[in-house]
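To start, the structure under review is shown below, and the notes come after it.
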Amino acid sequence: MPARLVADIVVLKNGNRIRGRVIAHTDAGVALELPYGEMMIPARQVASVITEDEDDFLRHTGEELLARDAERGLEFLRAAWQENPAAEAGKRALIKALIATGERLLTEGRTNAATTHLAEAEGIDPEAPELAALIAKARQAEAARADLAARAAAARGAGRWQEAYAAFKELLQRFPEARTDHRRTWAESAVQVGNAHFNGERFADASACYQEALRQEPDLIRTLELPLAYAELRAVAPLLEKGDFSAARVRLLAVHDLLPEEPSIRYHLALTAERAGDLGEAARHYAKIAGPENRVIDGARNLVELRRRAEQRLAGDSASVSADPRWQEEQAARAVHESRYFAIRHRNKAQAKEVERYLEHHFARICQRWFRGEELPQFRARIHVFLHASAEELRAHTNAPSWSNGFTAVERRYGAVFGTEIHFNTAAPQFLSASIPHELAHALLPYVLGGTAAYPAWMEEGVATSEEPAYKQEYYRRVVLEALEDGSLFPLESLLAASTYPEEAQVTLFYAQSNSVAGYLRERFGARSFFPLLRALTEERLADVLPRVTQFATIQELERDWKKWLARTEK
């Protein structure tokens, strides 16, 4: 019979015990290998070192891990049982942990995962206490989930959209595992309910339903951007009548980011600015609507005339929040369309001009937010923008990963930007509304952070996603809150230390969590400190930056504060 494997317990003078493998024991102290890394314990803190069998070590470690990481703890308990199947203590500990985990998962509505754990316990000991009752409870939950899904599907098939929406919502809230299969149908039901509100001229309710749909399925944006814009315009009218210009402006700006050149939205922004007393801002918007020939008018002194001309232009503009512009057939050869900051390589001039308007809008907005409206520092040459007709074409010309619909490459020399390329998949549903501001943020980030090395992946995506429109912010927020609820968040230490992206199945959470952490840092430490903090994190070790800049001694303290902030933001 082979010799039994052993492990070690370091008993500290304060009475605490630490289990692991002793890899060095010197006059300086004890070096111990733990499940999550190595630890050096100074000799002055060590009372004694005890040796135990491998299965006892695995079992004790698993039991200690269960409280903070159930699946990791179960891994150790399974290993302990496999190491010595005859040991009754290891068997009991594993069954107890499987039953407790299964019961917890049932209370969270995760019936599939609960059933898996309970079935494993049943395979080890079918007569285990409480097991039969929990298995029966799991079957009842599975039946309830199937009934809700059937009810929702039947209502959807019969066109009873309000009923379908309510049933899908209850299904996803009670049984989070159903989100993967039913999120899209819930979103489509929300759209149909929104359309009913829209037709009944309940515009605020319509807007809320459209935004709920986008939180679940952002790719619906191409279908919803026009009705959402119109619903928001009508919903803003009562705010203007009450004189609540601040709330009206917030809503209008969110829609303006979706349709930056839509005249009706710009007109209402101008009206809001005028009534709030910002005559210069109002004049700028009125002049933009009225046309370039009217920009010679002194806006502040001729505001009434500018508004009149803008209203005349609106009255004769049949495309105002009603048309869905279509790009013409693509031309055979690529051409270049140049503007002040961009050189757009395209096969269709109409498309290039529309893309230019979106680029210029988001460029100005980002500069206003990051540089307070000043000229972009050290801007040496136009940003080269390439428009690709499909995801396949995008990847044929770039190193874009399979999930991405945009790709930005920045050439840096001696800490300065010498050239920038942005590539887009123009067939992507979120191309105009989200991909453009996202990739522009990637392109402009070196102008605020500097340096020659690549930035951490979370930082790149945290900043880039923060420039996407409101519907994507709500989407990212939902993803993170669901991950917080089911315990699948990346540990903050591993997120901040990652130099590469995770596997594709975890990319959405990676983007959403990066977005959340960036938003937390901006809010927690102030907008003015945000970029200096990021710059410090690119130049120094995290352990050195934290206590000096954030006032947290460890990454664990920062993580706890972030999770409290995240929980407080839940509606």
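Quick note on my numbering: the sequence shown kicks off at 715 and runs consecutively.
Just so you know, even glycine gets a beta-carbon here, dropped at the ideal spot from N, CA and C.
| Check | Outcome |
| --- | --- |
| Go ahead and pull the three-state DSSP assignment for Asn655. | With the chain covering only 715 through 1285, there is no way to say anything about residue 655. |
| Alpha carbon to alpha carbon, what distance is there between Val724 and Arg731? | 6 Å |
| Please say whether Val1099 and Leu1136 have beta carbons closer to each other than 9 Å? | The sequence given here has Ile at residue 1136, not Leu. Taking 9 Å as the Cβ cut-off, Ile1136 and Val1099 qualify as a contacting pair. |
| Give the list of continuous beta strand (DSSP E) stretches no shorter than 3 residues that lie fully inside the stretch 930–964. | none |
| Spatial neighbours of Arg1040 within its chain, please: C-beta separation below 6 Å, excluding the five flanking residues on both sides. | With a pLDDT of only 39 at Arg1040, under 50, the local geometry of the prediction cannot be trusted, and the value read off the model is given with reservation. No residues qualify anywhere along the chain. |
| Run through DSSP, which three-state label would Glu1074 get? | helix |
| Taking the alpha-carbon positions, what's the Gly776 to Phe790 distance? | 5 Å |
| Could you name the residues that DSSP lists as bridge partners for Leu726? | Val760 |
| Put Arg735 into one of helix, strand or coil per three-state DSSP. | strand |
| Helix, strand or coil for Glu915 per DSSP? | coil |
| Give me the Cα-Cα distance between Phe771 and Gln796, rounded to the nearest whole angstrom. | 13 Å |
| Going straight from the alpha carbon of Arg792 to that of Phe1138, what length do you get? | 48 Å |
| Going by DSSP in three states, Ala1130 sits in which element: helix, strand or coil? | strand |
| Looking only at its chain, what residues have a beta carbon closer than 6 Å to the beta carbon of Glu834, apart from the 5 residues adjacent to it on each side? | Leu812 |
| Tell me the DSSP bridge mates of Thr765? | Asp722 |
| Would you identify the three-state DSSP class for Arg1288, choosing helix, strand or coil? | In the structure as shown, the chain begins at 715 and stops at 1285. Residue 1288 is therefore absent and cannot be evaluated. |
| For Gly1120, list the residues DSSP reports as bridge partners. | Phe1138 |
| Is it buried or exposed for Ile1058, if we count other Cβ within 10 angstroms and need 16 for buried? | buried |
| Check for me: the alpha helix (DSSP H) holding Ala1211 runs from which residue to which? | Leu1206 to Ala1211 |
| Would you kindly check if the distance between the Cβ of Ser1230 and the Cβ of Ala1190 is under 9 Å? | Sequence inspection shows Tyr at residue 1190; the Ala mentioned does not correspond to that position. Taking 9 Å as the Cβ cut-off, Tyr1190 and Ser1230 qualify as a contacting pair. |
| Runs of 4 residues minimum, wholly inside the stretch 839–916: which ones carry the alpha helix (DSSP H) assignment? | 845–871, 875–888 and 893–913 |
| May I ask you to report which of helix, strand or coil DSSP gives Glu747? | strand |
| Can you tell me which of the three DSSP states Phe1100 falls into? | strand |
| Quick check on the burial criterion: 16 or more other C-beta atoms within 10 angstroms. Buried or exposed for Phe1132? | exposed |
| Could you round the C-beta distance between Ile838 and Lys805 to whole angstroms and report it? I think they count as a contact, below 8 Å. | 7 Å |
| Answer yes if the stretch 1227–1245 comes into contact with the stretch 1167–1183, meaning at least three C-beta pairs across the two stretches below 8 Å, and no otherwise. | yes |
| According to DSSP, is Arg824 helix, strand or coil? | coil |
| In the DSSP assignment, the alpha helix (DSSP H) including Phe1239 goes from what residue to what residue? | Val1221 to Phe1239 |
| Could you pull the start and end residues of the alpha helix (DSSP H) that Gln1270 belongs to? | Ile1269 to Arg1282 |
| Between Ala864 and Glu877, how many whole angstroms is the CB-CB distance? I'm expecting something under 8 Å. | 13 Å between Cβ atoms; not a contact. |
| Are the Cβ atoms of Ile1269 and Leu1260 separated by less than 9 Å? | yes |
| In angstroms with no decimal places, state the Cα-to-Cα distance between Ala1123 and Ile1080. | 18 Å |
| Return the CA-CA distance between Ser921 and Leu993, expressed in angstroms with no decimal places. | 29 Å |
| Helix, strand or coil: which one does DSSP assign to Gln797? | It is Glu, not Gln, that sits at residue 797 in the sequence shown. DSSP places Glu797 in helix when its eight states are reduced to three. |
| Compute the beta-carbon to beta-carbon distance between Ala961 and Leu953, rounded to the nearest angstrom, for a pair I have assumed lies under 8 Å. | 5 Å |
| For Ala1141, which residues in the same chain have their Cβ closer than 8 Å to its Cβ, ignoring the five residues on either side in sequence? | Ala1103, Ser1104 and Ala1105 |
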